[in-house]
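Visitor: Each residue of the sequence shown is one higher than the one before, starting from 1 at the first, in my numbering.
Handing you a structure now.
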Amino acid sequence: MFENLTARLSNTFSRIRSKGLLKSSDLLDMAEDLKAALLDSDVALDVAEKFAAEISSVSESQLAEFNKSSNPATSIFNIIQAKLIEILGGEFRRINFAKKPPTVILLTGLQGAGKTSLAGKLANWLKAQGNTPLLVASDLQRPNAVDQLKVIGELAQVPVFAPEPGNGIGNPIKVAKEGIDFAKSKLHNIVIVDTAGRLGIDEELMAQAREIKNAINPDEVFYVVDAMVGQDAVRTAKAFDDGVGIDSIILTKLDGDARGGAALSISSALKKPIIFAATGEKISDFDIFYPDRMASRILGLGDIKTLAEQAKSVFDEDATKNLEDKFIKGEEFTLEDFLSQLETMKKMGSMSKLLGMLPGANSGAIKKQLEQFDDSELIKTQSIVQSMTPSERMDPKLLNGSRRARIAKGSGRQVSDVNNLVDRFTQAQKVMKQMRGGKLPNIPGNIPGIGAMPNMAPAPTFKNSPPKKKSRSGNPAKRALEERN
Ligand code: GDP
């Protein structure tokens with residue numbers, strides 16, 4: 001979503017870095033550049049102006065201090081990073097949980113913001129954290145909203161309280177109240193109440209949301225915002241906050257290709273935190289919103305923390321330990337091990353999304369290459385290995401021409417695909433041996449940022465050609481990171 005902004009910021013940093021010692025006039029130019037870049041990304045004027053003022057207000061004495069360091073641009077970069085984090089909401093905040101369960105969550109927002117899908121994503125996420133959520137269908141207005149929530153509940157395997165058919169029938173306030181009573185009787189520790197949205201702000205909608213709020217006294221009122229909607233989203237959210245009173249924000253459709261101005265402005269405009277973000281249509285496309293991680297992505301530094309968390313959540317510790325033991329004992333890494341690694345990678349979700357969290361992945365050429373990354377390659381590779389017999393997986397040397405032809409047929413692939421996989425695997429085995437012998441591995445065709453992958457994952461395949469090695473970054477912090485690595 002923030003590619004343009006990332007590219008613009010990167011250019012600005014390159015210019016400032018090339019200057020060496022900095023003058024006040026350089027900072028003023030930079031502040032102007034930043035303001036223009038933010039406005040181009042549809043960020044609210046006052047937010048962009050405040051941002052620029054922060055840079056241009058660096059005093060002469062501060063500047064002299066920066067100029068004493070080996071890299072003055074890095075000090076400026078740090079100010080920008082801190083400011084960006086502040087704009088995105090500063091410190092991350094958790095949901096307000098009730099002292100005495102159930103915690104009641106009210107979802108408000110415009111129709112089409114992704115509220116109903118979000119209810120399922122949130123329930124799914126809370127359930128994975130060990131909670132026992134209940135969904136309550138109080139959107140009795142939008143055609144099919146009740147049925148949609150039931151379907152989503154089934155997908156998340158979370159019960160849905162839906163006594164009314166909706167489509168204009170039933171009293172949403174009564175349903176919300178009964179939903180809370182039902183949750184108490186069934187010992188659900190969280191209740192998520194979905195409410196009706198309209199295509200635009202109207203007093204009737206506000207009054208209904210207000211009445212529901214007064215009736216159920218929620219612990220957290222979320223305003224769900226479609227991040228693809230520009231400045232209008234901020235205006236509507238303000239109206240909602242004035243009319244109903246919201247506690248926090250959830251962004252949806254952060255995977256979209258809009259300029260992202262609303263996402264950047266809304267927290268500081270409303271002085272409310274963004275707590276979660278949805279990044280796709282799948283129920284799992286949802287996570288906590290960390291302002292510092294988002295700032296890091298926007299600045300082209302990637303989001304290694306989230307990447308590491310996602311990896312940790314799917315890694316089977318026993319399997320990893322077995323692999324480590326094999327490595328230490330000097331045992332051969334087999335295609336059977338490779339298959340279990342592929343399973344793990346598949347559990348981590350879309351590779352292009354994951355690789356998008358690497359430093360530099362949100363900019364220019366690499367971004368384009370990632371968009372062309374072929375996620376289905378993992379499944380194809382897996383089907384080839386699955387078409388091998390256990391003895392072939394243990395000893396790939398058995399794979400003669402006729403066996404390879406059989407495997408190709410069994411997996412619906414070409415013999416050349418099987419050959420490719422076996423070659424890559426043999427290469428990976430060699431790397432393991434080199435590493436065991438204390439040498440640095442050298443795998444051709446690595447992707448930038450990952451470097452050599454000792455985990456034997458299939459070499460990433462792109463729908464077109466692999467990305468070119470990136471030149472040194474113009475972004476001082478990223479460059480420092482590159483140089484360190
Ligand atoms: P509601 O009217 O606010 O309840 O909106 P819905 O939950 O019905 O969502 C409206 C549309 O947006 C549906 O087609 C959803 O699949 C889609 N949608 C919701 N969240 C996301 C998201 O994070 N990314 C993308 N790409 N689409 C989304």
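Glycine residues also receive a C-beta, built at the ideal position from the N, C-alpha and C atoms.
1) Given a cut-off of 7 Å, decide if T116 and A209 are closer than it, judged by their beta-carbon atoms.
2) Have a look at the DSSP bridge pairing and note the partners of F222.
3) Where does I169 land, buried or exposed, given buried means 16+ other C-beta within 10 angstroms?
4) Using DSSP's beta-bridge definition, name the partner residues of T195.
5) In the DSSP assignment, find the unbroken alpha helix (DSSP H) run with F333 in it and report its ends.
6) Does the Cβ of S69 have 16 or more other Cβ atoms within 10 Å, making it buried, or fewer, making it exposed?
7) To the nearest angstrom, how far is the alpha carbon of T389 from that of G412?
8) Just to confirm my understanding: we take P159, look at its own chain, exclude 5 residues before and 5 after, and list those with CB closer than 6 Å. What are they?
9) Look up P102 in the DSSP assignment and say whether it is helix, strand or coil.
10) Could you give the residue range of the beta strand (DSSP E) that holds A277?
11) Determine, using beta carbons only, whether R404 and V415 come nearer to each other than 7 Å.
12) When you compare the CB positions of V151 and A176, do they come within less than 7 Å of one another, or not?
13) What is the rounded straight-line gap between the Cα of A227 and the Cα of S138?
14) Cβ of L335 within 7 Å of Cβ of P291?
15) Tell me whether T116 counts as near the ligand GDP, meaning its Cβ is closer than 6 Å to at least one heavy atom of that ligand.
16) Could you tell me whether any non-hydrogen atom of the ligand GDP is closer than 6 Å to the CB of T252?
17) For G168, verify whether its CB is less than 6 Å away from any heavy atom of the ligand GDP.
18) So what's P146 in DSSP terms, helix, strand or just coil?
19) Between P273 and L84, what straight-line distance do the alpha-carbon atoms span, to the nearest angstrom?
20) Taking the alpha-carbon positions, what's the V58 to L5 distance?
21) Do the region 94–110 and the region 216–227 meet, that is, are 3 or more Cβ pairs less than 8 Å apart?
22) Grab me the residues of A233's own chain with a C-beta within less than 8 Å of its C-beta, minus the 5 sequence neighbours each way, in chain order.
23) If I measure Cβ to Cβ from Q148 and keep anything under 7 Å in the same chain, skipping five residues before and after, which residues do I get?
24) Is E281 a contact residue of the ligand GDP, with contact defined as CB to any heavy atom under 6 Å?
Guide: On the basis of the coordinates in this document:
1) no
2) L107 and S248
3) exposed
4) S138
5) Unbroken run through F333: none, as it is neither H nor E.
6) exposed
7) 16 Å
8) L134
9) coil
10) I274 to A278
11) yes
12) no
13) 24 Å
14) no
15) yes
16) yes
17) no
18) In the sequence as presented, Pro is not what sits at residue 146; that position holds Val. V146: helix per DSSP, three-state reduction.
19) 14 Å
20) 23 Å
21) yes
22) V225, D226, A227, A262 and I266
23) T116
24) yes
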